[in-house]
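Enquirer:
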Ligand code: 5AD
Ligand code: SF4
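In our numbering, the protein residues as written are 1 to 466.
Put into structure tokens, the structure is as follows:
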């Protein structure tokens, strides 16, 4: 008889949080099976994000709504994990007394012990210790569930940059890199289990290894080369990088490593040097553009994406115009853009938040409209071009429709009557472009056609509305 309890996890925020949720599932696997519905769960973990005000409110409103569930089922264990948990600590318990456990990102490895205590103790536990007591265990076996052909691998925790708007150094602590041997062993283990694509995760992967003693240091470019050399791994991605630390060595990897996907997420945040300075980004737009040009030199087909904040304290109309100008110069394949939100104790919360809410909203609308047009134009450039896709699965919407992801990180839909396997690589030619996806036709390779460039396609048309 299965005596395991049922665990439900709700995850907000970034890929680091996604990966942390996987780790938490795995750590509790001896005592808990995962359920995809909150109803009937014996334990609920809310893995929270605090990057912007809205994200934090979402987490609080879900946790608040769980109060009723706890009243109905006092044995239910409710845990708040992630960045809000780290930031709020004991305050969260006084605000939400129905929460049993508050666990920060650096303490998730203690979860089995914390869960056992939470069940017995009947009063809230706070596990938000950091720095000296924190270490990343050397090897984490990985569950065989979720999408088995692609996985995230955390290579480092924390951030030392202290961009003035950013809460991450306060919630995830200082940079700590995992040992290169441990990362490589984990990827070997994944490849042996059928994984084809890995995404290496860190807040600032470019400074990977800087916290290690000089003699024993492996840099990020070298780690990438080791990971790309692993048999069975067909694609490697990574995120995220601060442009100031983007090294020539890393750019060179885009020329040398076929498996390294031609996609680079390079957050710029603002097009104005004055604002970048106040954000403590420690690069200028000239340096940023120089790196963009070099990256395109190393890998001409590379797709660039970015993050932009509007309405940072003191952002003038001219500063905002500089951001619009930058967007015209780079022509990003896609971009995330946000209204500035004050995140104490990040330093910028002491700056005069001089841009009104209405102004922030109107700047965001102007920027997003332009970004959307550029993305559509960029997507249209793929029409008639050939892309290799990793099959993600059959589309939910229509019969015989499949979906895959290109190395450039585009979702491409295409018809096929064959049964394809998620993780399989196929070739398509792009026929139509929408804002969030492309539409392609499978290429049926003629013998020896790859070199001669000859291929035939099967037909189809784009079902999505523009
Ligand atoms: N306000 C608005 N956007 C922010 N981001 C980070 N902190 C803030 C903030 N205080 C954005 C940045 C970052 C992305 C993950 O979230 O653009 O790159
Ligand atoms: Fe959110 Fe940043 Fe924490 Fe990720 S690291 S969950 S984006 S606050």
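Heads up, the beta-carbon is just placed ideally off N, CA and C, and yes, glycines get one too.
Work out the CA separation of residue 268 and residue 49 for me, nearest whole Å.
Expert: Numbered from its first residue, the chain shown carries residue 49 at position 49. Numbered from its first residue, the chain shown carries residue 268 at position 268. Taking the straight line from one Cα to the other gives about 21 Å.
Enquirer: Could you tell me the alpha carbon to alpha carbon distance between residue 21 and residue 223, rounded to whole angstroms?
Expert: Residue numbering aside, residue 21 sits at position 21 when the chain shown is read from its first letter. Residue numbering aside, residue 223 sits at position 223 when the chain shown is read from its first letter. If you take the alpha carbons of residue 21 and residue 223, they lie about 24 Å apart.
Enquirer: From the DSSP output, read off the bridge partner residues of residue 425.
Expert: As a position in the chain shown, residue 425 is number 425, starting the count at 1. 390, per the DSSP bridge assignment.
Enquirer: For residue 283, is the beta carbon positioned less than 6 Å from some heavy atom of ligand 1?
Expert: Taking the first residue of the chain shown as position 1, residue 283 is located at position 283. False, no ligand heavy atom lies under 6 Å from that Cβ.
Enquirer: Is the beta carbon of residue 305 closer than 7 Å to that of residue 332?
Expert: Along the chain shown, read from residue 1 onward, the residue named residue 332 stands at position 332. Along the chain shown, read from residue 1 onward, the residue named residue 305 stands at position 305. Contact: yes.
Enquirer: In its own chain, which residues sit with a C-beta less than 8 Å from the C-beta of residue 205, not counting the 5 before and 5 after it?
Expert: Taking the chain shown and counting its residues from 1, one reaches residue 205 at position 205. Within the same chain, residue 205 has close Cβ partners 155, 156, 220, 238, 239, 240, 241.
Enquirer: By Cβ distance below 7 Å, which residues in the same chain neighbour residue 152 in space, the five residues on each side in sequence not counted?
Expert: Walking along the chain shown from the start, residue 152 turns up at place 152. Correct list, in chain order: 15, 18, 19, 199, 201.
Enquirer: Do you know how far the Cα of residue 43 is from the Cα of residue 197?
Expert: Along the chain shown, read from residue 1 onward, the residue named residue 197 stands at position 197. Along the chain shown, read from residue 1 onward, the residue named residue 43 stands at position 43. Cα-Cα distance, rounded: 31 Å.
Enquirer: Helix, strand or coil for residue 10, going by three-state DSSP, please let me know.
Expert: By one-based count along the chain shown, residue 10 stands at place 10. Three-state DSSP puts residue 10 in a strand.
Enquirer: Who are the near neighbours of residue 330 in its chain, counting only those whose CB is closer than 7 Å to its CB and skipping five residues on each side?
Expert: Counting from 1 along the chain shown, the entry for residue 330 is found at position 330. The answer, listed in chain order, is 292, 304.
Enquirer: Could you pull the start and end residues of the beta strand (DSSP E) that residue 414 belongs to?
Expert: Position 414 of the chain shown, counted from the start, is the residue given in the question as residue 414. That run of the beta strand (DSSP E) goes 411-415.
Enquirer: Considering only the alpha carbon of each residue, which of 85, 294, 259, 72 lies closest to residue 170?
Expert: Position 170 of the chain shown, counted from the first residue, corresponds to residue 170. The shortest C-alpha separation from residue 170 is found at 85.
Enquirer: For the 8 Å Cβ check, are there 3 or more pairs between the segment 90-102 and the segment 119-128?
Expert: Result yes; three or more Cβ-Cβ pairs closer than 8 Å.
Enquirer: To the nearest angstrom, how far is it from the Cα of residue 33 to the Cα of residue 7?
Expert: Locating residue 33 in the chain shown gives position 33, counting from the first residue. Locating residue 7 in the chain shown gives position 7, counting from the first residue. When rounded, the distance between both Cα atoms is 6 Å.
Enquirer: What first and last residue would you give for the alpha helix (DSSP H) that runs through residue 234?
Expert: Residue mapping note: residue 234 aligns to position 234 of the chain shown, counting from 1. Here residue 234 belongs to no alpha helix (DSSP H), and DSSP marks it neither H nor E.
Enquirer: For residue 12, count neighbouring C-beta atoms within 10 Å of its own C-beta (all shown protein chains included) and say buried if the count is 16 or more, exposed if not.
Expert: Mapped onto the chain shown, residue 12 falls at position 12. So residue 12 ends up on the buried side.
Enquirer: In angstroms with no decimal places, state the Cα-to-Cα distance between residue 74 and residue 175.
Expert: Looking up residue 74 in the chain shown gives position 74. Looking up residue 175 in the chain shown gives position 175. Between residue 74 and residue 175, the C-alpha separation is close to 39 Å.
Enquirer: Are the Cβ atoms of residue 244 and residue 283 separated by less than 7 Å?
Expert: Your numbering for residue 244 matches position 244 in the chain shown. Your numbering for residue 283 matches position 283 in the chain shown. Contact flag set, yes.
Enquirer: In terms of DSSP beta bridges, what is residue 442 paired with?
Expert: Position 442 of the chain shown holds residue 442. 428, per the DSSP bridge assignment.
Enquirer: Answer yes if the segment 390-403 comes into contact with the segment 414-428, meaning at least three C-beta pairs across the two stretches below 8 Å, and no otherwise.
Expert: Output reads yes: the segment 390-403 touches the segment 414-428.
Enquirer: Relative to the C-alpha of residue 166, which residue among 342, 300, 10 is closest?
Expert: One-based indexing of the chain shown puts residue 166 at position 166. Ranking 342, 300, 10 by Cα distance to residue 166 puts 342 first.
Enquirer: Going by the CB atoms, is the gap between residue 433 and residue 379 shorter than 7 Å?
Expert: Taking the chain shown and counting its residues from 1, one reaches residue 379 at position 379. Taking the chain shown and counting its residues from 1, one reaches residue 433 at position 433. In contact: residue 379 and residue 433 (Cβ atoms closer than 7 Å).
Enquirer: Tell me which residues share the same chain as residue 5 and place their Cβ nearer than 8 Å to its Cβ, disregarding the 5 neighbours each side in the sequence.
Expert: Within the chain shown, numbered from 1, the residue matching residue 5 stands at position 5. Closer than 8 Å at the Cβ level, and outside the excluded window around residue 5, lie 31, 32, 33, 42, 43.
Enquirer: Compute the Euclidean distance between the alpha carbons of residue 256 and residue 210, then round it to the nearest angstrom.
Expert: Position 256 of the chain shown holds residue 256. Position 210 of the chain shown holds residue 210. C-alpha separation (whole angstroms): 23 Å.
Enquirer: May I ask you to report which of helix, strand or coil DSSP gives residue 15?
Expert: Numbered from its first residue, the chain shown carries residue 15 at position 15. Residue 15: helix per DSSP, three-state reduction.
Enquirer: With a threshold of 16 other CB atoms inside 10 Å of the CB of residue 250, please say whether the residue is buried or exposed.
Expert: As a working mapping, residue 250 is identified with position 250 in the chain shown. Answer is buried; the Cβ neighbour count reaches 16.
Enquirer: Extract the residue ranges of the alpha helix (DSSP H) inside the segment 328-384, only unbroken runs of 4 or more that lie entirely within it.
Expert: For the segment 328-384, whole alpha helix (DSSP H) runs of length 4 or above, ordered along the chain, are 357-380.
Enquirer: Would you grab the beta carbon distance between residue 550 and residue 412 for me? Rounded to a whole angstrom, and I think it's under 8 Å.
Expert: One cannot answer for residue 550 here, as it falls past the ends of the chain, which runs 1 to 466.
Enquirer: What separation, rounded to the nearest whole angstrom, lies between the Cα atoms of residue 59 and residue 103?
Expert: Here residue 59 is taken as the residue at index 59 of the chain shown, counted from 1. Here residue 103 is taken as the residue at index 103 of the chain shown, counted from 1. The alpha-carbon atoms of residue 59 and residue 103 are separated by roughly 14 Å.
Enquirer: Do residue 467 and ligand 2 come close, with the Cβ less than 6 Å from some heavy atom?
Expert: In the structure as shown, the chain starts at 1 and stops at 466, and residue 467 therefore has no counterpart that could be examined.
Enquirer: Contact defined as beta carbons within less than 8 Å: I believe residue 320 pairs with residue 281. What is the distance between those atoms, to the nearest angstrom?
Expert: For the purposes of this step, residue 320 is taken as the residue at position 320 of the chain shown. For the purposes of this step, residue 281 is taken as the residue at position 281 of the chain shown. About 16 Å separates the two Cβ atoms, so there is no contact after all.
Enquirer: Taking the alpha-carbon positions, what's the residue 272 to residue 322 distance?
Expert: Taking the chain shown and counting its residues from 1, one reaches residue 272 at position 272. Taking the chain shown and counting its residues from 1, one reaches residue 322 at position 322. Approximately 5 Å, taken between the alpha carbons.
Enquirer: Could you check whether the Cβ of residue 383 sits closer than 6 Å to any heavy atom belonging to ligand 1?
Expert: Here residue 383 is taken as the residue at index 383 of the chain shown, counted from 1. No, since every heavy atom of ligand 1 falls outside the 6 Å radius drawn around the Cβ of residue 383.
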